[in-house]
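Protein chains in written order, with my numbering: chain A, 1 to 168; chain V, 169 to 336; chain S, 337 to 504; chain F, 505 to 672.
C-beta: ideal position from N, C-alpha, C; glycine also.
Note that the structure is a prediction, hence the values are computed from the model and not measured.
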C-alpha cells in the first residue's frame, strides 16, 4: 500500500466505496480540517528543512487543535506538526481523537505522516482517521492501523490510559 | 552549579542579589506561572513513568502557553512538558519567549529541565528565564544560557531566526 | 495486517508460500540473526521500562551488527535496539542493509518494531527484511515497505544518499 | 560559560591550571581520541544537514568506541555522533565511560555537544570528560556536570543502574 494505491482504491475523497474503512468524518468537516492544517503550516518554524507542515486534529467533542513543525539546531529534537497538534490536545485534557489532517507544500503527492508520528498516533487508538493532503486540497484517508500495521504497544499501557481514550 | 547551588547563591525567589542574572519577571507573575504549570501537570499523560510534569511559558506579549508531558509506548517519542508548551506557542505564531515555569511532583528538590528541553529552549534565545519549582511553590531561577553552557548552534540558524518573526 | 495475520498468511518461518514477498534470507541465517539479537538483548540498558530488546542487522557483505535498547531518565532520549544496530553499522561505513532480527522478552507475541524504528529503517531502503521473534525463537518476516506503508521521504534525500544504498 | 570561556580559563589543551577539574586523560590519549573522532566523522550519514560529526568514546578498560551522526528524512529521528558512540558501547556491555572526543567541520570554534547528548551522557555519570575539538585538532575539555548544570535525573534510576556505572 502506498498513498497512490489508496487513491486508486477509491479512498480519495473519503468515499470508501470499496467497502473498506469508509471515512467517518463528513467531507465538509474534512475540508475544514485540511484548511486549518494549511493555516497552521504558515506558522511552521523550519529554518533547517524549509519543509513546512501543518496539522489539524479533531477530537471527540468537535474541538480542533492545530500544530506545525518546530525544528531545532539539533535535528533530533525537531517536532513534527502532527505530534505538536496531538500533544497540544493532551495538554488541554483531550485524549480521544477522531481524525487528523496533514498539509505540506507537496503539490504532486499526498503528504505522509512519518513513522514517529504514526507511532505517536497509535498511543491514542488505532481506528481513527488520517487525512493526507496535497496543496490543491485533494486528500486520501487512512486509519492509524493501516499506517502502522502490527503496531507496537507495551502491555502496561492498558492499565493506565485515561477514560476518554478510544479503544481500538 | 546545581539547583541547590542556585538557591544558596540567593537566586531563589528571583531576588538575584548577587548581581548575576537577576530575575526580570515580577514575583507575582512567576507565582502565577508556577500555578499554571501545576495545573497543566494535572493533564500529564504519563502511564509509563508515572512522573507528571507541567510547564507554563510566558511569551513577549504576556500570553501564557501551557504543556504537560505526553508519553508513548515507544519511550523515545515521549515529549516533555516544556517542549510541549514551547511548540504550542510556536503553533500560535509566537517565538519570543520571556520565561518558563516547570512543576513536577518533587517535594524535596527543584525539578530540572532535561538536556533536550534546554536545547529546545536555546533555539529561541539564551537569555530568557527558567523557573524550576517544588510542590510547595518555592522555586529557583536560571537562564537558558546557564543551563546549557556553550550551547550548540548551527550557523545556518543565524539567518533564519527573528526576534518575533513568524516565517512562512 | 498485524503480526499474527502475517503468521496466518503463511509467512512465519520465511516460507512465503502465498507468493508475496518471500524471504530472501536463508532460514539458517535467520536463526543465527535471531540468536544474535537474543544475545544483544542481554546487554540492554533499560532501568525505566524493564523491557529488554536486542537487534541484529545483516548488511550486504554478510557482516552482522547488533544493538540493544539504551534508555535515559529523559524518556524521549531512549534509543531502541534496532536503531542502535543500524547506527552502529553506519558508523562502520555500511548503509546497505539486508535483514534485521528483533528479540524481546515477549513469549506470546512477535515483538514489533515501533514506528520510529520503521521510519529509521526506511531511510536505508524499503525492500529489506524485518524478522520479529518470540522468546521461543519463532518468527515472522515482513519488509520495511509493509511496516511503513506510503513511507514519508523528503525529496532532497534522493540526491544525497551514498552509493551503497539499496534502492527500493 | 561558553566554549571560548573554557579556553580563556586555561582549560584548552587539558592543563587545568586554574585548579578546576583538571583533565584526567593523558594528552596523547586525548589526541588519539580526537583522531578517531575525526575518522568516524568521515562516515557520517548527513544528507540533510551536511554537517558531519564524529565521536570517540573511551571506556574504563581502554577500549574506544566511535560513532558518527546518522540522519533521517524525519529530522526528529536524527541521531548524533555522541549518542551513537555511547549506545554502541552499551551494546558491547560497557557503561563506565571515561572521556568522549567530538569532531566536526568547525574551523573556527570548538564543536559543542547538544543538550540531548549532554543528557544522554549524564545517564552514565556526571564526572567524566568531554573534549570538543576544532578541525585543526585543538580542543577544550569539560565535564558532563559542567555541560549540564543541575542535571535532571529520575530517582528510580538509582536502584537500577549497572555495577559498572561510575558514580558522580
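Same chain only: Cβ atoms within 8 Å of residue i, ignoring 5 sequence neighbours per side
i, result
"residue 538(F)", "560, 605, 607, 635, 637, 641 and 643"
"residue 83(A)", "67, 116, 117 and 120"
"residue 107(A)", "134, 135 and 136"
"residue 545(F)", "556, 557, 558, 572, 585, 607, 608 and 609"
"residue 647(F)", "525, 630, 631, 632, 633 and 634"
"residue 228(V)", "262, 264, 265, 266 and 332"
Residue i in three-state terms, based on DSSP
i, result
"residue 437(S)", "strand"
"residue 460(S)", "coil"
"residue 413(S)", "helix"
"residue 448(S)", "coil"
"residue 88(A)", "helix"
"residue 225(V)", "strand"
"residue 642(F)", "coil"
"residue 150(V)", "What is shown of chain V runs 169 to 336, which leaves residue 150(V) out entirely."
"residue 513(F)", "Low confidence applies here, because residue 513(F) scores a pLDDT of 34, under 50, leaving its location unreliable and the question unanswered by this model."
"residue 443(S)", "coil"
"residue 404(S)", "strand"
"residue 353(S)", "Because residue 353(S) carries a pLDDT of 39, less than 50, the predicted location of this residue cannot be relied on, and no value is offered for it."
"residue 505(F)", "Because residue 505(F) carries a pLDDT of 39, less than 50, the predicted location of this residue cannot be relied on, and no value is offered for it."
"residue 661(F)", "Unreliable positioning characterises residue 661(F) in this predicted model, as indicated by a pLDDT of 43, which lies under 50. The coordinate reading is nonetheless provided below. Residue state, collapsed to three classes: helix."
Chain F residues whose Cβ lies nearer than 9 Å to that of residue i
i, result
"residue 146(A)", "Residues of chain F passing the Cβ test: none, with the nearest at roughly 19 Å."
"residue 475(S)", "The contacting residues do not exist; residue 475(S) stays about 21 Å from chain F at best."
Chain V contact residues for residue i, given Cβ-Cβ distances below 8 Å
i, result
"residue 72(A)", "287, 288 and 291"
"residue 384(S)", "216, 217 and 243"
"residue 531(F)", "Result: empty, since nearest Cβ-Cβ is about 21 Å, beyond 8 Å."
8 Å Cβ cut-off: residues of chain F touching residue i
i, result
"residue 80(A)", "578 and 580"
"residue 376(S)", "595"
"residue 442(S)", "The premise fails here: residue 442(S) is roughly 20 Å from chain F at the closest Cβ pair, so nothing lies under 8 Å."
Amino acids of chain V, ordered along the chain, whose beta-carbon sits closer than 7 Å to that of residue i
i, result
"residue 618(F)", "287 and 320"
Contacting residues, own chain, Cβ-Cβ under 6 Å from residue i (five flanking each side not counted)
i, result
"residue 111(A)", "102, 104 and 132"
"residue 414(S)", "407 and 408"
"residue 181(V)", "Below a pLDDT of 50, predicted positions are generally treated as unreliable, and residue 181(V), at 39, falls in that range; no measurement from the model is reported."
"residue 317(V)", "none"
"residue 535(F)", "none"
"residue 458(S)", "480, 484 and 487"
"residue 1(A)", "The predicted model places residue 1(A) with a pLDDT of 39, which falls under 50 and marks its position as unreliable, so this point remains unresolved."
"residue 569(F)", "561, 589, 592 and 593"
Residues that DSSP places opposite residue i in a beta bridge
i, result
"residue 51(A)", "None, per the DSSP bridge assignment."
"residue 430(S)", "Answer by DSSP bridge pairing: none, since residue 430(S) is not bridged."
"residue 143(A)", "129(A)"
Sequence-distant residues of the same chain with beta carbon closer than 7 Å to residue i, five excluded per side
i, result
"residue 206(V)", "222 and 271"
"residue 618(F)", "584"
"residue 242(V)", "none"
Partners in chain A for residue i, counting only beta-carbon separations shorter than 8 Å
i, result
"residue 234(V)", "91"
"residue 231(V)", "Those within 8 Å of residue 231(V) in chain A number zero; the least Cβ separation is about 14 Å."
Any non-hydrogen atom of the ligand ADP within 7 Å of residue i CB
i, result
"residue 200(V)", "Of ligands this structure carries none, so the ligand ADP is not represented either."
Under 7 Å from the C-beta of residue i: neighbouring residues of chain A
i, result
"residue 299(V)", "Near residue 299(V) there are no residues of chain A at all, since even the closest Cβ is about 18 Å away, more than 7 Å."
Spell out a yes or no on whether the segment 207–214 of chain V and the segment 379–391 of chain S are touching, meaning 3 or more CB-CB pairs, one atom from each, closer than 8 Å. No, the segment 207–214 of chain V is not in contact with the segment 379–391 of chain S.
At least 3 beta-carbon pairs within less than 8 Å: the segment 423–431 of chain S vs the segment 562–579 of chain F: Proximity of the segment 423–431 of chain S to the segment 562–579 of chain F meets the contact definition, three or more beta-carbon pairs being nearer than 8 Å.
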